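Only one structure is covered here, and it is reproduced in the block below.
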Amino acid sequence: QSALTQPASVSGSPGRSITISCTGTSNDVGAYNFVSWYQQDPGKAPKLVIYEVSHRPSGVSNRFSGSKSGNTASLTISGLQAEDEADYYCTSYTSTSTWVFGGGTKLAVL
Amino acid sequence: QVHLQESGPGLVRPAQTVSLTCSVSGDSISRDTHYWSWIRQPAGKGLEWIGRIYDSGSTNYNPSLKSRVTMSMDTSKNQFSLNLSSVTAADTAVYYCARLGSSGWYINRAFDIWGPGTEVIVSS
């Protein structure tokens with residue numbers, strides 16, 4: 128299985144919005160609404176920020192939102208804050224009952 | 002509150018088998034609301050899903066690692082384990098255990114709780 132495709136880096140100014148894309152295939156992202164997103168600070172374990180494409184776990188800011196169209200899922204962070212600077216990973220359940228991650232996106236808040 | 006904690010040898014010789022254990026507190030690995038998973042991350046690189054274990058020991062593994070991976074669970078200790086055989090330098094990484102929601106949980110098929118990770122270095 129091939130990794131999902133994410134941009135290596137994105138950047139945005141405080142208060143603005145950014146979107147990170149995650150492109151897969153009809154066997155993973157396109158097949159199920161089981162795309163999730165994770166935020167990872169340096170040296171820390173990843174933290175779930177979006178599950179089932181667009182749902183936020185309790186305690187996650189409503190500035191985080193997710194969507195999907197076809198084989199591409201997206202994470203949008205609005206009202207960027209310095210604390211949002213981190214690495215972000217998408218993952219999807221696949222048709223072979225496995226999971227595949229994206230390569231990760233480094234978010235810089237300028 | 003649910004906590005996961007990985008433990009392992011830290012340093013492993015090439016060609017050997019590395020064994021890691023994840024101890025779970027605050028939840029029972031026997032419940033059908035969750036699966037239990039291993040994920041790894043080489044330094045400076047992305048996350049790689051290794052496999053999951055659920056029910057009484059059913060498993061799914063990453064096809065690229067399947068020939069070298071074995072996962073097991075000990076419900077009496079509320080722990081699950083990973084064995085990775087024939088290791089090479091490419092297996093050097095931080096290994097995370099994580100809780101994975103099933104269809105019986107409100108967070109379905111996402112990794113909602115992670116351990117802090119344990120570093121495995123493969124070196125002679």
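Residue numbers (my numbering), protein chains in the order written: chain A, 128 to 237; chain B, 2 to 125.
Glycine included, each C-beta is placed from N, C-alpha and C at the ideal position.
Remember, predicted model here, so these are calculated numbers, not experimental data.
Residue i, DSSP secondary structure in three states
i: serine 73 of chain B; result: strand
i: lysine 233 of chain A; result: strand
i: serine 24 of chain B; result: strand
i: alanine 91 of chain B; result: helix
i: serine 86 of chain B; result: coil
i: serine 8 of chain B; result: strand
i: serine 148 of chain A; result: strand
i: serine 68 of chain B; result: helix
i: tyrosine 107 of chain B; result: coil
i: isoleucine 40 of chain B; result: strand
i: serine 31 of chain B; result: coil
i: threonine 223 of chain A; result: coil
Residue environment, residue i, which counts as buried when at least 16 other CB atoms sit within 10 Å
i: tyrosine 107 of chain B; result: exposed
i: valine 123 of chain B; result: buried
i: proline 173 of chain A; result: buried
i: aspartate 75 of chain B; result: exposed
i: leucine 237 of chain A; result: exposed
i: arginine 41 of chain B; result: buried
i: serine 26 of chain B; result: exposed
i: glutamate 7 of chain B; result: buried
i: alanine 91 of chain B; result: exposed
i: glycine 193 of chain A; result: buried
i: serine 219 of chain A; result: buried
i: glutamine 208 of chain A; result: exposed
Any chain C beta carbon closer than 8 Å to residue i
i: phenylalanine 228 of chain A; result: Among the protein chains in the structure shown, which are A and B, there is no chain C.
Own chain residues within Cβ distance below 8 Å of residue i, not counting five before or after
i: lysine 195 of chain A; result: Val156, Asn160, Val162, Val180, Ser181, Ser201
i: glycine 9 of chain B; result: Val19, Ser20, Leu21, Thr22, Tyr96, Thr119, Val121
Host beta strand (DSSP E) of residue i (start-end)
i: tyrosine 97 of chain B; result: 94-102
i: tryptophan 226 of chain A; result: 226-228
i: aspartate 113 of chain B; result: 112-115
i: valine 123 of chain B; result: 119-123
i: glycine 139 of chain A; result: 136-139
i: glutamine 1 of chain B; result: No answer is possible for residue 1 of chain B: the residues shown for chain B start at 2 and end at 125.
i: arginine 53 of chain B; result: 49-55
Same chain, Cβ closer than 7 Å to residue i, five either side skipped, listed in chain order
i: threonine 2 of chain B; result: Residue identity differs from the one stated: residue 2 of chain B is glutamine in this sequence, not threonine. Cβ neighbours of glutamine 2 of chain B beyond the five flanking positions: Gly27.
i: glutamate 212 of chain A; result: Leu234, Ala235, Val236
Other residues of its chain near residue i: CB distance less than 6 Å, five sequence neighbours each side excluded
i: asparagine 84 of chain B; result: Thr18, Ser20, Thr71
i: alanine 158 of chain A; result: Ser222
i: asparagine 109 of chain B; result: Gly102
*Only counting runs of 3 or more residues, tell me where the beta strand (DSSP E) segments fall wholly within the segment 151-211 of chain A, in order along the chain.*
With a minimum length of 3 residues, the unbroken runs of beta strand (DSSP E) contained wholly in the segment 151-211 of chain A fall at 162-167, 174-177, 191-196, 199-204.
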